[in-house]
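Keeping their order, the protein sequence lines are chains A and B. When we follow our numbering, the leftmost residue of the first sequence carries the number 13, and every step to the right adds one. When we follow our numbering, the leftmost residue of the second sequence carries the number 2, and every step to the right adds one. Backbone N, C-alpha and C fix where the C-beta goes; we use that ideal spot for every residue, glycine too.
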Amino acid sequence: MNTITIIDYGIGNLNSVANMIRYVGGKCIISSDLDTIVKAEKLLLPGVGAFDMGMSKLTSSGIKDLLNDLVIQRGIPILGICLGMQLMTQKSAEGELEGLGWIEAEVKKFTFNGEMNLKIPHMGWNNVEVSKDNLLIKEGEHKEHRFYFVHSYFVDAKNTTDIMCLTRYGHDFCSAFSHQNIFGVQFHPEKSHKYGMSLMKKFIQI
Amino acid sequence: MLLHRVIPVLLLKNNGLVKTTRFKDPKYVGDPINAIKIFNDKEVDELLVLDILASKYQNEPNFELIEQIAGECFMPLAYGGGVTTFEQAKRLFSLGIEKVCLQTSAIENPSLITKLAEYYGSQSIVVSVDIKKNWLGKYELYHSSKSKIVVLNWKEFLKKIIEAGAGEIVLNAVDKDGTLSGPDLELIKMASALSKVPLVAIGGVSSLLDIKAAIGAGASAVAAGAYFIYHGPHRAVLITYPKRHELQSLFN
Numbered sequence: 013m014n015t016i017t018i019i020d021y022g023i024g025n026l027n028s029v030a031n032m033i034r035y036v037g038g039k040c041i042i043s044s045d046l047d048t049i050v051k052a053e054k055l056l057l058p059g060v061g062a063f064d065m066g067m068s069k070l071t072s073s074g075i076k077d078l079l080n081d082l083v084i085q086r087g088i089p090i091l092g093i094c095l096g097m098q099l100m101t102q103k104s105a106e107g108e109l110e111g112l113g114w115i116e117a118e119v120k121k122f123t124f125n126g127e128m129n130l131k132i133p134h135m136g137w138n139n140v141e142v143s144k145d146n147l148l149i150k151e152g153e154h155k156e157h158r159f160y161f162v163h164s165y166f167v168d169a170k171n172t173t174d175i176m177c178l179t180r181y182g183h184d185f186c187s188a189f190s191h192q193n194i195f196g197v198q199f200h201p202e203k204s205h206k207y208g209m210s211l212m213k214k215f216i217q218i
Numbered sequence: 002m003l004l005h006r007v008i009p010v011l012l013l014k015n016n017g018l019v020k021t022t023r024f025k026d027p028k029y030v031g032d033p034i035n036a037i038k039i040f041n042d043k044e045v046d047e048l049l050v051l052d053i054l055a056s057k058y059q060n061e062p063n064f065e066l067i068e069q070i071a072g073e074c075f076m077p078l079a080y081g082g083g084v085t086t087f088e089q090a091k092r093l094f095s096l097g098i099e100k101v102c103l104q105t106s107a108i109e110n111p112s113l114i115t116k117l118a119e120y121y122g123s124q125s126i127v128v129s130v131d132i133k134k135n136w137l138g139k140y141e142l143y144h145s146s147k148s149k150i151v152v153l154n155w156k157e158f159l160k161k162i163i164e165a166g167a168g169e170i171v172l173n174a175v176d177k178d179g180t181l182s183g184p185d186l187e188l189i190k191m192a193s194a195l196s197k198v199p200l201v202a203i204g205g206v207s208s209l210l211d212i213k214a215a216i217g218a219g220a221s222a223v224a225a226g227a228y229f230i231y232h233g234p235h236r237a238v239l240i241t242y243p244k245r246h247e248l249q250s251l252f253n
């Protein structure tokens, strides 16, 4: 079984993710050290916070260049969670900096008119609809697929073939994407009971 | 669809779980880790764990116990009690807490809200606004760790902490705590009209219809203690939580 390297770039709740990986029988380490990350067999990019803060920490630590090499050149599987997913896109309305640009997508802010009575952030449990066959969420495995979300910005993917799941909040948005070895989820599997456990187990098995 | 969150509140006293009535008379109800495991099985939306003595005795959060709790908790977890510094909050986040809840510090040092919100984002910073009626029946801000009413207009306080960066408000009706006598809908209406951030109503909930009424009055989410911990007229300790289909039909 591969060890998952959880990238510590100074933001995010890393122990929650590690707790769940271990609970479902996986192995993981948390690291910010380039010499350790370079040996990763599988990667996890967590993150909570602002887009520019995330990108500038990835860049200044040298992790960005290393990730480009590992993920794009060497095809190491990676799962981005929440901000980690958003950083994989080209750009975000939340900031000025360029994203990692692995997925043709941009990050937009939720805007609702007053009549819709929808609060921002989108916080709580919501359903995801599986829109393509994928390695992480199997249609029909549970009666429904529910995950915990907390975010004010959402991913708008340009290629529908990249969209793995859709979720409705005011409108449909891409709540998970996958492209070859790259996976991103807007929700928090590490905080989503058995639904998150199934997803994490499948990522461990890839 | 996004359902309104229904959140069990667990009160810690030393290493045990207790339940209070009107913020007084803590009664031992069980072991926290055991309770968390049960709430995991019941797939609860979120948990709020509050240490009721930490601020009172100016103790630090019980990091060892919180680490154990976080390690067992596969749903979002908010913690409150004794958080007075940025470093303490940082340590809580690193242990696996999603949200830090401030009460005493929000009254005494509101700049901590801003500092934490800037670093971790507003969604991680919850402020508990505890409201008690005075002898004239007027709502007042209550300082729980000192067990006294604060001379501060509670509506102004609510606006101030949201401006400071609170991403969520826990509205705690002190006179309703542990009474199972229904939520204070008037209070929820007043507070939600002033709050642009999600408002979690606590106090008095005793049924699914109470939850619905609190949401109808403007709460984004409802939290409860006694309702999920006690069963029957003799208050036997039995942990329960509404079934998924019950909540779905309640909100649809």
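Relative to the Cα of VAL127/B, the nearest Cα in the group THR241/B, ASP46/B, ALA167/B belongs to ALA167/B. In this model, ILE230/B and VAL45/B are separated by some 13 angstroms (Cα to Cα).
Considering only GLU53/A, LYS51/A, LEU46/A, ASP20/A, the residue with the shortest C-alpha distance to GLY66/A is ASP20/A. Residues of chain A whose Cβ lies closer than 7 angstroms to the Cβ of GLN124/B are, in chain order, PRO133, MET135, VAL162.
Not a single CB atom of chain A sits nearer than 8 angstroms to the CB of PRO33/B. The criterion of a C-beta distance shorter than 8 angstroms is not satisfied by ALA227/B and VAL201/B.
With a threshold of 8 angstroms between beta carbons, TYR181/A makes contact with chain B.
For ASP52/B, the closest alpha carbon among the candidates ASN35/B, LYS38/B, THR21/B, MET76/B is that of THR21/B. Using a Cβ-Cβ cut-off of 7 angstroms, ASN25/A is close to PHE94, GLY97, GLU99 of chain B, given in chain order. Among the residues of the segment 57 to 75 of chain A, those with a Cβ less than 8 angstroms away from any Cβ of chain B are VAL60, GLY61, ALA62, in the order of the chain. Excluding residues up to 5 positions away in sequence, ALA79, GLY81, VAL127, SER129 lie with their Cβ nearer than 6 angstroms to the Cβ of CYS102/B in the same chain.
Among the residues of the segment 197 to 215 of chain A, those with a Cβ less than 8 angstroms away from any Cβ of chain B are HIS200, GLU202, LYS203, SER204, HIS205, LYS206, GLY208, MET209, in the order of the chain. By the criterion of at least three beta-carbon pairs nearer than 8 angstroms, the segment 156 to 172 of chain A is in contact with the segment 182 to 199 of chain A. For ASP46/B, the residues of chain A that pass the 9 angstroms Cβ criterion are GLY136, TRP137, TYR160, in the order they occur in the chain. By the rule that beta-carbons nearer than 8 angstroms mark a contact, MET128/A does not touch chain B. Taking C-beta separations shorter than 7 angstroms and ignoring five residues to either side along the sequence, the partners of LEU78/A in its chain run LEU46, ILE49, VAL50, following chain order.
At a cut-off of 8 angstroms between C-beta atoms, MET32/A counts as an interface residue with respect to chain B.
Contact between GLY83/B and ASN60/B holds, with the beta-carbon distance rounding to 5 angstroms and staying under 8 angstroms.
Relative to VAL29/A, the option among ILE114/B, ASP185/B, GLU99/B, ARG6/B whose CA is nearest is GLU99/B.
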